[in-house]
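K.L.:
2 protein chains.
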Amino acid sequence: MEKKLTILDIARLSGVGKSTVSRVLNQDPKVNAQTRARVESVIAQHGFVPSKSARAMRSQSQQVVGIVVSRLDSSSENQAVRGMLETLYQRGYDAVLMESKFSPAKVSEHLAVLERRGVDGIILFAFNDLDYAAMAPLREKLVLMARERPGFSSVCFDDDGAVRAVLAHLGERGLTEVAYLGVERSDLTTGLRRHQAYLDYCREQGRTPRSALGDLGLQSGYRLAAELLTPTTQAMVCASDTLAIGAAKYLQEQGRTDILVSGLGSNPMLTFLFANTLSLDFGYKDAGILAARQLLDQIEEGQPPRATIAPCQPL
Amino acid sequence: MEKKLTILDIARLSGVGKSTVSRVLNQDPKVNAQTRARVESVIAQHGFVPSKSARAMRSQSQQVVGIVVSRLDSSSENQAVRGMLETLYQRGYDAVLMESKFSPAKVSEHLAVLERRGVDGIILFAFNDLDYAAMAPLREKLVLMARERPGFSSVCFDDDGAVRAVLAHLGERGLTEVAYLGVERSDLTTGLRRHQAYLDYCREQGRTPRSALGDLGLQSGYRLAAELLTPTTQAMVCASDTLAIGAAKYLQEQGRTDILVSGLGSNPMLTFLFANTLSLDFGYKDAGILAARQLLDQIEEGQPPRATIAPCQPL
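Protein sequences appear in the order of chains A and B. Counting from 44, one number per residue, gives the positions in the first sequence under my numbering. Counting from 44, one number per residue, gives the positions in the second sequence under my numbering.
(1) Using a cut-off of 9 Å between C-beta atoms, extract the partners of Leu140/A located in chain B.
(2) State the beta-bridge partners of Tyr137/A as determined by DSSP.
(3) Counting only C-beta atoms, is Met312/B closer than 9 Å to chain A at any point?
(4) For Val74/B, does the three-state DSSP call read helix, strand or coil?
(5) Which same chain residues, not among the five before or five after Arg66/B, have their C-beta less than 8 Å away from its C-beta?
(6) Take the Cβ of Arg236/A as the centre, count every other Cβ of all protein chains shown within 10 Å, and call the residue buried at 16 or more, exposed below.
(7) Taking 8 Å as the threshold, find out whether the stretch 122-139 of chain A comes into contact with the stretch 329-349 of chain A through three or more Cβ pairs.
(8) In chain order, what residues of the same chain lie with their CB nearer than 6 Å to the CB of Cys245/B, ignoring the 5 residues before and after it?
(9) Within 9 Å (strictly less), CB to CB, does Lys73/B reach chain A?
(10) Report the neighbours of Val156/B on chain A: residues whose CB is nearer than 9 Å to its CB, in chain order.
(11) Report the neighbours of Asn359/B on chain A: residues whose CB is nearer than 8 Å to its CB, in chain order.
(12) Span of the beta strand (DSSP E) holding Ser151/A?
(13) For the putative contact between Ser305/B and Asp324/B, defined by C-beta atoms under 8 Å, what is the C-beta separation to the nearest angstrom?
(14) Going along chain A in order, which residues have a C-beta closer than 9 Å to the C-beta of Lys292/B?
(15) Using three-state DSSP, classify Ser196/A as helix, strand or coil.
(16) As a quick exercise: from Gly161/B, Ile165/B, Leu187/B, Arg182/B, pick the residue whose alpha carbon is nearest that of Asn171/B.
(17) Exposed or buried, what is Phe145/A when buried is set at 16 or more other beta-carbons lying within 10 Å of its beta-carbon?
(18) Of the residues Val209/B, Leu224/B, Gly225/B, Val226/B, which one's Cα is nearest the Cα of Leu218/B?
(19) If you compare alpha carbons, which of Leu213/B, Glu120/B, Gly204/B, Arg160/B is closest to Leu167/B?
(20) What would DSSP say about Ser322/A, mapped onto helix, strand or coil?
(21) If you draw a straight line from the C-alpha of Leu286/B to the C-alpha of Leu231/B, how long is it?
(22) Gly109/B: buried (16+ other C-beta within 10 angstroms of its C-beta) or exposed?
(23) Quick one: give me the first and last residue of the alpha helix (DSSP H) that Ser57/B is part of.
(24) Ordered along the chain, which non-local residues of its own chain (more than five positions away) have a Cβ less than 8 Å from that of Ala30/B?
(25) Quick one: what's got a C-beta closer than 6 Å to Phe317/B's C-beta in the same chain, skipping five residues either side?
(26) Does the beta-carbon of Glu296/B have 16 or more other beta-carbons within 10 angstroms, so that it is buried, or is it exposed?
(27) Would Arg266/B pass as an interface residue toward chain A - the criterion being a Cβ-Cβ separation below 9 Å?
(28) At the level of alpha carbons, what is the spacing between Ala353/A and Arg160/B?
(29) Can you tell me whether Gln248/B is buried or exposed? The criterion is at least 16 other CB atoms within 10 Å of its CB, across all chains shown.
(30) Less than 9 Å separating the beta-carbons of Ala179/B and Gly194/B?
(31) Starting from the N-terminal side, write out each stretch of the alpha helix (DSSP H) that is 4 residues or longer and does not extend beyond the stretch 208-252 of chain B.
(32) Contact criterion: CB-CB distance below 9 Å. Does Arg299/B meet it with respect to chain A?
(33) Any idea if Glu215/A is buried or exposed, counting beta-carbon neighbours within 10 angstroms, 16 or more meaning buried?
(34) Where does the unbroken beta strand (DSSP E) through Ala278/A begin, and where does it stop?
(35) Taking a Cβ distance cut-off of 8 Å, strictly less, list which residues of the stretch 320-333 of chain A are near chain B, in chain order.
(36) Closest to Glu152/B by C-alpha separation, out of Asp174/B, Asp163/B, Ala138/B, Gln133/B, would be which residue?
Here it is, written out as structure tokens:
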């Protein structure tokens with residue numbers, strides 16, 4: 044006697060995804076005729092009957108995804124959220140939005156509410172000191188943004204690749220006296236990873252690094268530029284566009300507009316305001332699209348969590 | 044024989060809101076003992092029995108509010124949304140977020156989805172050319188942001204008051220040669236209303252207005268400043284901080300940092316980058332809080348739609 048098949052077995056035998064099988068079972072008109080015929084023939088052949096509880100679970104889905112941003116006024120997160128919303132909306136999902144303001148306690152609270160509401164999935168903009176143990180039961184329906192974590196699904200920005208792309212570009216332009224303005228290394232991505240990429244690059248090139256770290260504000264960029272400037276400085280690479288704007292202002296005041304200032308994040312203000320500047324586009328929106336797709340692959344197709352690094356745009 | 048009482052009658056007789064009566068009926072522990080006793084005594088006295096359908100409707104509430112923003116990357120809308128989320132969250136509601144990108148068709152589509160989902164209420168960042176006739180059935184559970192409309196509930200920013208506050212402040216500083224950089228009057232609020240406030244103020248003060256209108260971008264501010272600058276200009280009042288940044292850059296290049304540039308919106312970049320500038324805080328976050336409260340008053344207490352103008356912050 045044949046062993047009882049699951050919906051996943053039917054999907055594999057038909058060469059389609061789990062969600063397509065679901066759609067066939069639920070008589071969704073959006074499945075094309077050929078696919079429907081193939082799935083139905085596999086079902087007929089193997090005598091598959093969906094369990095009552097599976098059908099009930101399926102129909103209980105609200106098609107809602109929770110998105111927990113760290114700050115509503117973060118330009119990078121907004122770009123990513125825009126990509127997520129477009130993707131989710133196209134696939135028939137809506138998004139509930141919450142803001143954590145970098146508080147691990149608020150994250151826990153928001154996740155508990157989303158759980159109680161029975162949302163289908165969650166995208167969380169992660170940061171330091173989150174309680175990953177408490178999140179473990181959510182793993183299958185969770186995607187972390189901007190932080191990876193063993194066992195969890197994630198989409199990270201390419202911090203290392205972005206800083207290296209900028210440094211390589213400056214190298215091609217013959218600039219070798221390149222200082223780095225960064226963020227404290229307690230911040231894993233904007234802080235540690237970007238700074239480390241600069242240090243590694245200098246070592247590989249046999250150069251002496253010259254860097255200083257501060258907070259994320261405009262004033263910090265201004266102050267760090269003052270700290271690092273020497274008569275021979277040719278370029279300043281900054282961990283963010285905000286720092287770059289602060290630095291460019293200082294250099295303008297000092298009459299040192301010969302120094303190239305680079306930022307990260309593609310803020311139009313930097314290049315509009317200051318002539319000798321450039322900014323690398325991190326591809327935040329595309330990263331948001333990737334994250335939404337990855338989440339839907341998990342919750343609709345049963346794919347396992349995976350760690351993705353979203354590529355940055357070429358300079 | 045007594046006429047059958049509604050839940051609203053019980054609320055009035057008890058001197059509490061409709062939602063408090065609901066909470067007492069649903070044995071919500073958050074109602075304080077004294078209030079509960081008062082409501083229960085009124086109920087006992089008048090023999091009120093909630094109708095089955097009213098109870099069913101009440102329990103069907105998902106405590107979800109839809110927010111339709113025009114652009115996710117709008118700093119002013121983000122500030123307002125932050126105020127909304129905080130207020131809704133405190134009151135036990137979550138928010139589903141959608142983006143219209145200023146497309147009336149997208150607004151219709153989003154509203155239809157929110158309706159199908161049975162959300163409790165909707166806050167819509169409104170703009171030109173919306174189909175208000177189609178929205179009429181939603182009136183009781185809808186609040187418009189940034190546009191008022193007869194019969195609809197709304198929270199508007201004080202465009203007229205903000206421009207007048209800036210002009211009065213410049214007057215106190217003895218500046219009378221004041222040009223205005225604005226946005227096309229096809230935009231009702233940032234365009235028409237702010238420009239009109241400037242024209243009215245000039246007429247009242249017996250001054251000759253000097254203004255030019257363009258789009259919302261940085262380049263537009265730069266270009267309009269070039270167009271309006273005269274040897275005697277003392278100040279430039281701009282319809283937005285973005286325009287003000289563009290204008291300040293032009294004036295810096297011309298060596299005319301004697302001219303004061305004012306923006307609207309409290310963007311920290313303007314005052315950080317340019318010395319002789321100021322920006323009036325529109326109070327966007329407070330306006331968001333007002334809108335959320337107004338919506339909850341409508342859907343929980345049955346209050347009628349009303350038009351509110353959120354005050355701007357003093358300079």
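Heads up, the beta-carbon is just placed ideally off N, CA and C, and yes, glycines get one too.
P.N.:
Short version:
(1) Ile110, Val124, Leu128, Asp137, Ala138, Val139, Leu140
(2) Correcting the residue type first, residue 137/A is Asp in the shown sequence and not Tyr. In DSSP, Asp137/A forms a bridge with Val107/A.
(3) yes
(4) coil
(5) Lys73, Val74
(6) buried
(7) yes
(8) Pro252
(9) no
(10) Tyr132, Asp137
(11) It is not possible to answer for residue 359/B, since the shown part of chain B is limited to 44 through 358.
(12) Taken as a continuous stretch (DSSP letters only), Ser151/A belongs to no beta strand (DSSP E), being part of the alpha helix (DSSP H) at 147-160.
(13) That pair is no contact at about 12 Å.
(14) Phe315, Leu316
(15) strand
(16) Leu187/B
(17) exposed
(18) Val209/B
(19) Glu120/B
(20) strand
(21) 17 Å
(22) buried
(23) 50-57
(24) No answer is possible for residue 30/B: the residues shown for chain B start at 44 and end at 358.
(25) Ala291
(26) exposed
(27) no
(28) 33 Å
(29) exposed
(30) yes
(31) 237-247
(32) no
(33) exposed
(34) 278-281
(35) none
(36) Asp174/B
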